[in-house]
Amino acid sequence: MIRDIQLFWEGLPKKKISLVCREYGIARHTAEKYVSMTDDQINGMDAPKDYKTRKRAGNGFVNIIYKMMADGYDDEIIYQYLRKSGVSTSRNTLFDYMKAISRENFPDRKRMYGMRLMDERYPDDVIVIRRNELLRYILTIDPKKEKDKVISGNLEIIKKKFPMVTWVADTFHEFHGILMGDEPEEIDRYIEKYADTELSSFCNSLKKDISSVRNAISMDVSSGFVEGNNNKFKLIKRMVYGRSKIVNLTKKCKLAFLIKTKDFTLMDLI
């Protein structure tokens, strides 16, 4: 074909590569390559060297899937075998490969479907405690909230195995105690104590808004860490009256008392 293209090219009165592309239905860069190839390059194509296969995600396990399907193994066993063999490809990608190989090579084979198949299963005697559940347990202060009984029964074992859990619990409860206390200077000691630890980013955030944090600790009327300098009166006013301007707020406050007077009329508020 390449020699035919070169003969066609040589016979063109006007050398336009687009004519080659149109005649043979090939891309422009391919046509340019073919018309400029030497005889040695063309002959060398019969015995290609340094041929590189394209790397694909499935190169390492496609053959395994095919052979196990041919041997009669079901999808769940194949999936678990790949995982135990160290294949870290995502669950959905593995399932797509398995579905395609089964459809193209074993059309009569019974397949399992998607999400039902790929869930990891643990024996009934294995206690599973997930990281987010453990973190929620540690950060729950409200005594009215019921805590996870499974975590409660295994917390000491977890702390012994993972000392970081103890550290996280201690640092959180220390900060909570300072915030709920009445000694603002304690927050400075806390920042200094943990500035060079995993809490460095948190400490830097406290420094940026340190006045609000101190107010939240020292002022009885403080509405909390989030509100900063806003006090409870402002918070109540916002909830009850919305974002009223000072004139409307004054009239609304007066209304509560004026309606009890004998000579009161609504015109007094206009």
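Going by this note's numbering, the first residue of the sequence shown is number 1298, and it counts up by one from there. Yeah, the Cβ is synthetic: ideal placement off N, Cα and C, and Gly gets one too. Note that the coordinates shown come from a computational prediction; the quantities given were computed from them, not determined experimentally.
- Alpha-carbon spacing of residue 1468 relative to residue 1424, whole angstroms: Roughly 27 Å between the two C-alpha positions.
- Task: For the segment 1482–1491 and the segment 1501–1508, state whether three or more C-beta atom pairs, one from each stretch, are separated by less than 8 Å.
- Result: Per the Cβ contact rule, the segment 1482–1491 is in contact with the segment 1501–1508 (3 or more Cβ pairs under 8 Å).
- Query: Ordered along the chain, which non-local residues of its own chain (more than five positions away) have a Cβ less than 8 Å from that of residue 1406?
  - Reply: Closer than 8 Å at Cβ, skipping near neighbours: 1366, 1399.
- Task: Measure how close the beta-carbons of residue 1334 and residue 1362 come, nearest whole angstrom, since I'm counting them as under 8 Å.
- Result: 40 Å between Cβ atoms; not a contact.
- Query: Would DSSP call residue 1332 helix, strand or coil?
  - Reply: helix
- Query: Would you say residue 1329 and residue 1314 are within 9 Å of each other, going by their C-beta atoms?
  - Reply: yes
- Measuring CB to CB, does residue 1492 end up less than 9 Å from residue 1500? yes
- Item | Beta carbon of residue 1303 nearer than 9 Å to that of residue 1331 | Contact flag set, yes.
- Item | Cβ distance (whole Å) where residue 1426 is taken to contact residue 1451 below 8 Å | 7 Å
- Query: Should residue 1484 go down as buried or exposed, given a rule of 16 or more other Cβ atoms within 10 Å for buried?
  - Reply: In this structure residue 1484 is buried. Its beta-carbon is surrounded by 16 or more other beta-carbon atoms within 10 angstroms.
- Quick one: using the 10 Å Cβ neighbour count with 16 as the cut-off for buried, is residue 1561 buried or exposed? Classification of residue 1561: exposed, given that the 10 Å Cβ count is below 16.
- Please report the residue range of the alpha helix (DSSP H) in which residue 1432 lies. For residue 1432, the uninterrupted alpha helix (DSSP H) run begins and ends at 1428–1435, by DSSP.
- Count the other CB atoms, across all protein chains shown, that sit within 10 Å of the CB of residue 1439; report buried if there are 16 or more and exposed otherwise. exposed
- Use the C-beta contact count for residue 1459: other C-beta atoms within 10 angstroms, 16 or more gives buried, fewer gives exposed. exposed
- Buried or exposed (CB count within 10 angstroms, at least 16 for buried), residue 1447: exposed
- Nearest-angstrom Cα distance between residue 1549 and residue 1475? The straight-line gap separating the alpha-carbon atoms of residue 1549 and residue 1475 is approximately 39 Å.
- Query: Around the C-beta of residue 1374, are 16 or more other C-beta atoms found within 10 angstroms, so that it is buried, or is it exposed?
  - Reply: It is exposed - the Cβ of residue 1374 has fewer than 16 other Cβ atoms within 10 Å.
- Member of 1555, 1449, 1494, 1510 whose CA lies at the smallest distance from the CA of residue 1278: A query on residue 1278 cannot be resolved here, the shown segment of the chain reaching from 1298 to 1567 and no further.
- Would you kindly check if the distance between the Cβ of residue 1341 and the Cβ of residue 1384 is under 9 Å? Cβ atoms of residue 1384 and residue 1341: not closer than 9 Å.
- Out of curiosity, what's the CA-to-CA distance linking residue 1462 and residue 1477? 23 Å
- Item | Residue environment, residue 1557, which counts as buried when at least 16 other CB atoms sit within 10 Å | exposed
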